[in-house]
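Numbering (the numbering used here), first residue to last: 24 to 500. Positions of the beta carbon are idealized from the N, C-alpha and C atoms, including for glycine. See structure below.
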RNA sequence: GGCCUCGUGGCGGAGUGGUUACGCAGAGGACUGCAAAUCCUUGCACCCGAGUUCGAUUCUCGGCGAGGCCUCCA
């Protein structure tokens, strides 16, 4: 392990790449913004999940399995969720058969379950902690950080104020607000699409708490029954599981402003710290025909559709193909999502060996070095491909291949074959070889075509010693 | 209007002040009864202009183009 390369990461905060030094190597702490659970996740939503899953694996490899804490939240309080509950359960709510809260719970439970199934199919490990926002609104019995306490502290310290039924963060109270996005709020008002609300002290001030009407979901608080603003949940939950200052915070590029900027403002001002997270990482977008894939544009494909329906490229795609396709581009670059790209990933995967055992192998130096270079999965995939070629010549490398592939979370899988089919194919091969010896090519080809029609591909080779024909086979997808 | 990215061959994508990765696809060949698989070989590029330099795809400046954030957003 002496030759373990230094892990280098690009930090949005400094716009530079630098060596990663954890605050505590015994407990490396990472937070990633998770999904808002109101609808199926699309493949664009999958990108950060996959990217940071690779980082999670790399961190565990470098610092040790048990030395990494990864928290990814589930946002289950949001006005879009409320709207979805009303849409899907309007009649039941109307008739009194279902309360709004129960309807909301149904929407969030179903969506969260679906999300878990989707990302598991994409080969992602479960994070260490997956807190739900609704459990961190009010003070908790276990004393972990919560939103109301955090907001209270911001008010106490003069960083927040009440106005028009809302509690707002006072951006003017923070001297270096805007460090992450490099924005100077004073200079960018001209032409900006910022709703200037009369009750705000500064146009950039944002909501920490807002009142709920009786028919909206809400929690009791010192500022009346209401619900939290968008950003405060991540400040509370990251503090709850990772502490006031931690190592890595990740998410999509579009979260830099305002979400992450405001998280930083809240957390630092509430805790009186100079940093929230040392390294901020942001993944690029999945695009469709050069444009960002998004719900509002309507140009999205859900993970579920890709896995289980024929809506993209008129077929279904295995999770590992989707994952590899995603890792064939560096995480900070945009990806244009296309059938061609998925086909290339599938071809690559089909050539990789599935026989190795990761737990017996050793991660390839080139693969690890690539991943340690700001998660250069492109170079890692190429190094892996090279290793696959060498493993084809030298079976001793199969386990190393498996261990290296596992660091990317990619596991080539051969289609399961029943014992009966196996025996049948072996018998057919023997029969064909006999026919070939008798030079009855027509009959031999019939056997080959028949198997091919059933998805079994025969491959003839030569025994290097005897020069005799050796036939191997595999099941095509 | 402010801020941030990015522009490399058919596609995906590295990288470098000079000798121009790699993968996929394509072409040719070997092998084969024919295929498939495998192996070998191979064509194809650095947005435009100016500058710095003996020399720039790589550095500087200016264009042009694309995308993103500034509103919910991975």
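What residues match up with residue i in a beta bridge as DSSP calls it?
i, result
"residue 95", "55"
"residue 250", "233"
"residue 493", "484"
"residue 185", "190"
"residue 434", "For residue 434, which the question treats as bridged, DSSP gives no partner whatsoever."
"residue 315", "310"
"residue 338", "335"
"residue 152", "94"
Buried or exposed: where does residue i fall if 16 or more other Cβ atoms within 10 Å of its Cβ makes it buried?
i, result
"residue 269", "buried"
"residue 213", "In this prediction, residue 213 scores a pLDDT of 49, lower than 50, which makes its location untrustworthy; no coordinate-derived value is stated."
"residue 48", "exposed"
"residue 102", "exposed"
"residue 261", "buried"
"residue 148", "exposed"
"residue 291", "buried"
"residue 272", "buried"
"residue 76", "buried"
"residue 58", "buried"
"residue 251", "buried"
"residue 42", "exposed"
"residue 146", "buried"
"residue 223", "buried"
"residue 427", "buried"
Apart from the five residues on each side of it in sequence, which residues of its chain come closer than 6 Å, Cβ to Cβ, to residue i?
i, result
"residue 91", "51, 82, 83"
"residue 138", "58, 64"
"residue 284", "203, 204"
"residue 96", "57, 154, 260"
"residue 392", "28"
"residue 293", "173, 176, 177"
"residue 399", "393"
So, with DSSP's three-state summary, where would you put residue i?
i, result
"residue 40", "strand"
"residue 238", "coil"
"residue 349", "helix"
"residue 225", "coil"
"residue 126", "helix"
"residue 85", "helix"
"residue 68", "helix"
"residue 215", "Because the pLDDT of residue 215 is 48, which lies under 50, any placement of that residue in the model is unreliable, and the number read from its coordinates should be weighed accordingly. Three-state DSSP puts residue 215 in coil, outside helix and strand."
"residue 105", "helix"
"residue 34", "strand"
"residue 73", "helix"
"residue 49", "coil"
"residue 172", "helix"
"residue 131", "helix"
"residue 400", "helix"
"residue 498", "strand"
"residue 325", "strand"
"residue 359", "strand"
"residue 344", "helix"
"residue 63", "coil"
"residue 177", "helix"
"residue 136", "helix"
"residue 382", "helix"
"residue 412", "helix"
"residue 510", "The requested residue 510 does not occur in the structure, where the chain is confined to residues 24 to 500."
"residue 320", "coil"
"residue 423", "helix"
Could you give the residue range of the alpha helix (DSSP H) that holds residue i?
i, result
"residue 442", "442 to 460"
"residue 260", "255 to 265"
"residue 301", "Here residue 301 belongs to no alpha helix (DSSP H); instead the beta strand (DSSP E) covers 300 to 306."
"residue 289", "284 to 294"
"residue 475", "464 to 476"
"residue 279", "Unbroken run through residue 279: none, as it is neither H nor E."
"residue 362", "362 to 374"
"residue 388", "388 to 395"
Could you give the residue range of the beta strand (DSSP E) that holds residue i?
i, result
"residue 190", "189 to 192"
"residue 501", "This structure does not reach residue 501, given that the chain is present from 24 up to 500, and the question cannot be answered."
"residue 270", "269 to 275"
Using a Cβ-Cβ cut-off of 7 Å (strictly less than) and excluding sequence neighbours within five positions of residue i, which residues of its own chain qualify?
i, result
"residue 497", "437, 480"
"residue 16", "Outside the modelled stretch of the chain, which goes from 24 to 500, sits residue 16, for which no answer is possible."
"residue 484", "493, 495"
"residue 170", "159, 160, 251, 255, 256, 259"
Tell me which same chain residues have a C-beta within less than 8 Å of the C-beta of residue i, skipping the five on either side of it?
i, result
"residue 423", "379, 384, 385, 386, 387, 410, 414"
"residue 282", "56, 253, 254, 257, 274"
"residue 164", "none"
"residue 39", "33"
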